[in-house]
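Colleague: Numbering (the numbering used here), first residue to last: 7 to 196.
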């Protein structure tokens, strides 16, 4: 699994973070959707790729929404995921204006999903996982395993129980997919 089809240079990353920040500010303050200026839309931002937008406030999760099946160019996907992370992550109340100075944005661009048949194929810290079992599914980005200092079994168990709702050992008879990410956040360009 590699990133040969996903090309983003530093300017593209900076533009995506700028789009996300402008979207967050405008949506929270005025409930309006940011119209991305053509000057920010490079050819690389017109490609389609899965992505997640993660919002953190003082190093604590404040919202995180993503998609594996993008319907739009990357710059629109990031704009729409920013709104969803700020207002529609059911785990949190919507972000309020007074919080904006403390909210940090992290963007994860995803490789296509790869179905695996043995958990030995998972590289902790490099691979994210998507579990599917019937109508249930759950996912973790690769950085979750590292941040939580989990073993592979804990990574799978928490995803199965806490995200997919199929019990701690539910991963054992679920379909397992892996993916990798290009991750960048606002601290990169300060």
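Ideal placement from N, C-alpha and C gives every residue a C-beta, glycine not left out.
1. Tell me whether residue 108 sits in a helix, a strand or coil according to DSSP, three-state version.
2. What residue ranges within the region 68-98 form continuous alpha helix (DSSP H) runs of no fewer than 4 residues, ordered along the chain?
3. Excluding the 5 residues preceding and the 5 following residue 131 in the sequence, name in chain order all residues of the same chain whose CB lies nearer than 7 Å to its CB.
4. Taking the C-alpha atoms as reference points, what is the distance between residue 162 and residue 93?
5. Below 8 Å CB to CB, which residues in the same chain sit around residue 52 once its five sequence neighbours on both sides are set aside?
6. Are the region 42-49 and the region 86-106 in contact at 8 Å, needing three or more beta carbon pairs?
7. Looking only at its own chain, which residues have a Cβ that is under 8 Å from the Cβ of residue 33, when we skip the five neighbours before and after it?
8. What does the Cβ neighbour count give for residue 198, buried or exposed, with the cut at 16 atoms within 10 Å?
9. Helix, strand or coil for residue 53? Go by DSSP, reduced to three states.
10. Identify the residues that DSSP records as bridge partners of residue 6: which are they?
11. Between residue 192 and residue 14, is the Cβ-Cβ spacing less than 8 Å?
12. Between which residues of its own chain and residue 201 is the CB-CB distance below 6 Å, once the five residues before and five after are set aside?
13. Can you give me the C-alpha to C-alpha distance between residue 120 and residue 185, rounded to a whole angstrom?
14. If you check the beta carbons only, do residue 136 and residue 74 fall under 8 Å apart?
15. For the alpha helix (DSSP H) that residue 172 lies in, which residues bound it at each end?
16. If the criterion is Cβ atoms closer than 8 Å, does the pair residue 187 and residue 140 meet it?
Modeller: According to the data block:
1. The count along the chain shown starts at 1 and reaches residue 108 at position 102. Helix at residue 108.
2. 80-93
3. Within the chain shown, residue 131 is the residue found at index 125, counting from 1. Closer than 7 Å at the Cβ level, and outside the excluded window around residue 131, lie 148, 151 and 152.
4. Counted from its first residue, the chain shown places residue 162 at position 156. Counted from its first residue, the chain shown places residue 93 at position 87. Going from the Cα of residue 162 to the Cα of residue 93 covers about 28 Å.
5. Your numbering for residue 52 matches position 46 in the chain shown. Cβ within range, chain order: 79, 80 and 81.
6. no
7. Taking the chain shown and counting its residues from 1, the one referred to as residue 33 is at position 27. Cβ within range, chain order: 39, 40, 88, 89, 92 and 93.
8. Outside the shown range of the chain (7 to 196) lies residue 198, about which nothing can therefore be said.
9. Translated into positions along the chain shown, residue 53 becomes position 47. Three-state result, residue 53: coil.
10. In the structure displayed, the chain extends from 7 to 196; residue 6 sits before or after that span and is not available.
11. One-based indexing of the chain shown puts residue 192 at position 186. One-based indexing of the chain shown puts residue 14 at position 8. No. Outside cutoff.
12. The structure shown does not extend to residue 201, since the chain is modelled only from 7 through 196, so no value can be given for it.
13. Reading the chain shown from its first residue, position 114 is the one you call residue 120. Reading the chain shown from its first residue, position 179 is the one you call residue 185. Near 6 Å, if we compare the C-alpha coordinates of residue 185 and residue 120.
14. The count along the chain shown starts at 1 and reaches residue 136 at position 130. The count along the chain shown starts at 1 and reaches residue 74 at position 68. Going by C-beta atoms, residue 136 is nearer than 8 Å to residue 74.
15. On the chain shown, residue 172 is found 166 positions in, with the first residue counted as 1. Run containing residue 172: none; DSSP gives neither H nor E here.
16. Residue mapping note: residue 187 aligns to position 181 of the chain shown, counting from 1. Residue mapping note: residue 140 aligns to position 134 of the chain shown, counting from 1. No, Cβ-Cβ distance for residue 187 and residue 140 is not below 8 Å.
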